[in-house]
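Undergrad: So the protein sequences, as listed, match chains A and B.
Counting in the working numbering, the first sequence runs from 52 upward without gaps.
Counting in the working numbering, the second sequence runs from 52 upward without gaps.
There are 2 protein chains.
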Amino acid sequence: MDVLTIAEAAQTTGWSARMLRYIEHSGLVAPRRSEGGYRLYGPAQVERLRTLRDLVTTYDIGLAELAFMARLRSEPEAAAAVGEWFATRPARPEEPPVTDWLRFEQEKHERLLTHTEK
Amino acid sequence: MDVLTIAEAAQTTGWSARMLRYIEHSGLVAPRRSEGGYRLYGPAQVERLRTLRDLVTTYDIGLAELAFMARLRSEPEAAAAVGEWFATRPARPEEPPVTDWLRFEQEKHERLLTHTEK
DNA sequence: CAGACCTTGGCACGGATGTGTCAACTTGCA
DNA sequence: TGCAAGTTGACACATCCGTGCCAAGGTCTG
Numbered sequence: 052m053d054v055l056t057i058a059e060a061a062q063t064t065g066w067s068a069r070m071l072r073y074i075e076h077s078g079l080v081a082p083r084r085s086e087g088g089y090r091l092y093g094p095a096q097v098e099r100l101r102t103l104r105d106l107v108t109t110y111d112i113g114l115a116e117l118a119f120m121a122r123l124r125s126e127p128e129a130a131a132a133v134g135e136w137f138a139t140r141p142a143r144p145e146e147p148p149v150t151d152w153l154r155f156e157q158e159k160h161e162r163l164l165t166h167t168e169k
Numbered sequence: 052m053d054v055l056t057i058a059e060a061a062q063t064t065g066w067s068a069r070m071l072r073y074i075e076h077s078g079l080v081a082p083r084r085s086e087g088g089y090r091l092y093g094p095a096q097v098e099r100l101r102t103l104r105d106l107v108t109t110y111d112i113g114l115a116e117l118a119f120m121a122r123l124r125s126e127p128e129a130a131a132a133v134g135e136w137f138a139t140r141p142a143r144p145e146e147p148p149v150t151d152w153l154r155f156e157q158e159k160h161e162r163l164l165t166h167t168e169k
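Next up, the structure:
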């Protein structure tokens with residue numbers, strides 16, 4: 052029974068069934084379907100829905116923004132263009148040399164890596 | 052005379068003055084100000100506005116989405132969380148190998164982030 | 001100093017987001 | 001076979017996004 056129906060998935064993830072459908076609609080988490088068309092959420096999707104909830108609530112990020120990120124992931128060209136735009140800083144003379152574009156959490160990783168082992 | 056007033060900047064960038072204010076409001080391109088409070092757009096800002104226009108029109112990206120990207124750039128923690136979410140794949144077997152798009156995250160590192168503390 | 005231009009603030013408006021709810025119908029299971 | 005539970009589709013609504021436009025009042029410059 053690790054295949055949940057929409058109501059069950061809603062229950063354990065904190066979303067409403069309505070939102071689960073909406074989330075699927077926006078392409079963020081899509082469940083499998085039964086023969087008859089019922090949505091079947093597996094453990095992976097459930098986990099994904101939970102983390103999505105955390106992400107959205109703790110950082111106050113909209114589903115639309117995440118959908119946009121997803122889009123960038125599937126459109127490298129657009130992603131590159133965006134990255135370029137941000138990398139090209141306002142041309143302030145004495146600014147540090149454009150730290151290789153969108154690697155946001157880099158510093159964090161470096162810090163982590165200095166004392167963590169995989 | 053490479054310091055333009057808002058109407059002039061609007062003229063050469065293709066935006067309307069109204070939108071220039073809006074763009075500033077959303078934190079994407081902010082001009083200097085004169086003593087009296089007039090917006091003064093330098094060549095850098097103008098260029099930025101032009102490329103912004105290209106970006107927005109050719110890829111049909113909203114200013115809000117770009118503002119979101121900007122936010123991620125200034126909030127590494129949120130960026131890391133988002134990156135992690137996307138890096139953690141839906142565990143669907145038949146998905147294409149996520150073309151290492153923007154190197155938002157590296158699969159090797161995400162595991163670390165999952166359970167490490169600052 | 002006058003008139004052109006700018007500033008902020010607000011009203012308006014169509015379209016998108018995020019959510020709920022109801023209706024009409026189809027599936028799944030005891 | 002019946003009824004609980006799922007499905008899609010649509011209506012509703014508050015709030016944002018992207019824009020335009022207008023008003024009341026400062027700023028700039030010939």
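Each residue gets a CB set at the ideal place from its N, CA and C atoms; glycine is no exception.
Note that the structure is a prediction, hence the values are computed from the model and not measured.
Quick check on leucine 55(A): does DSSP put it in helix, strand or coil?
TA: Strand, per DSSP.
Undergrad: Spell out whether any CB of chain B is found under 8 Å from the CB atom of alanine 138(A).
TA: Chain B, which has no Cβ nearer than 8 Å to the Cβ of alanine 138(A), makes this no.
Undergrad: Starting from the Cα of methionine 70(A), find the closest Cα among Glu98(A), Arg104(A), Ala95(A) and Arg84(A) and give me that residue.
TA: Methionine 70(A) has its Cα closest to that of Arg104(A), out of Glu98(A), Arg104(A), Ala95(A) and Arg84(A).
Undergrad: Take tyrosine 73(B) and list the residues in its own chain whose beta-carbon comes closer than 8 Å to its own, dropping the five residues that flank it on each side.
TA: Once the five neighbours on either side are set aside, the close Cβ partners of tyrosine 73(B) are Leu114.
Undergrad: Does the Cβ of leucine 79(B) lie closer than 7 Å to at least one heavy atom of the ligand PLP?
TA: Although the ligand PLP was asked about, the structure shown includes no ligands whatsoever.
Undergrad: Going along chain B in order, which residues have a C-beta closer than 7 Å to the C-beta of methionine 70(A)?
TA: Correct list: empty, because the minimum Cβ distance to chain B is about 17 Å.
Undergrad: Do you know offhand how far glutamate 86(A)'s Cα is from alanine 68(B)'s?
TA: Cα to Cα, glutamate 86(A) sits roughly 55 Å from alanine 68(B).
Undergrad: Which residues mark the beginning and the end of the alpha helix (DSSP H) in which threonine 171(A) is found?
TA: With chain A covering only 52 through 169, there is no way to say anything about residue 171(A).
Undergrad: Just mark glutamate 135(B) as buried or exposed, buried being the case when its beta carbon has 16 or more other beta carbons within 10 Å.
TA: The residue in question, glutamate 135(B), is buried, as its Cβ has 16 or more Cβ neighbours within 10 Å.
Undergrad: Measuring only between beta-carbons, confirm whether threonine 108(B) sits less than 8 Å from chain A.
TA: By this cut-off, threonine 108(B) is not an interface position.
Undergrad: Does chain A have any CB closer than 8 Å to the CB of arginine 84(B)?
TA: No, its Cβ sits nowhere closer than 8 Å to a Cβ of chain A.
Undergrad: Could you please give me the residues that DSSP links to tyrosine 92(B) through a beta bridge?
TA: Leu55(B).
Undergrad: Using a C-beta cutoff of 8 Å, does threonine 63(B) count as contacting chain A?
TA: False, the Cβ-Cβ gap to chain A never drops below 8 Å.
Undergrad: Using beta-carbon positions only, say whether arginine 84(B) and leucine 91(B) come within less than 8 Å of one another.
TA: Yes. Within cutoff.
Undergrad: With burial defined as no fewer than 16 other Cβ atoms inside 10 Å of the residue's Cβ, what is the status of proline 94(A): buried or exposed?
TA: Exposed, since its Cβ has fewer than 16 Cβ neighbours within 10 Å.
Undergrad: At a CB-CB cut-off below 9 Å, which residues of chain A make contact with valine 133(B)?
TA: Going along chain A in sequence order, the residues near valine 133(B) (Cβ under 9 Å) are Leu106, Tyr110, Ile112, Glu116, Leu117, Met120 and Phe155.
Undergrad: Please list, in chain order, the chain A residues whose beta carbon lies closer than 8 Å to that of leucine 103(B).
TA: Within chain A, the residues near leucine 103(B) are Trp136.
Undergrad: Taking C-alpha atoms, which residue in Thr108(A), Asp53(A) and Arg101(A) lies nearest to valine 189(A)?
TA: With chain A covering only 52 through 169, there is no way to say anything about residue 189(A).
Undergrad: Would alanine 132(B) and leucine 106(A) be called neighbours here (beta carbons separated by less than 8 Å)?
TA: A contact, by the Cβ cut-off of 8 Å.
Undergrad: Give a yes or no on whether the C-beta atoms belonging to alanine 118(B) and serine 77(B) are separated by under 8 Å.
TA: Cβ atoms of alanine 118(B) and serine 77(B): closer than 8 Å.
Undergrad: Could you list which residues in chain A have their beta carbon closer than 8 Å to that of alanine 129(B), in chain order?
TA: Tyr110 and Ile112, listed in chain order.
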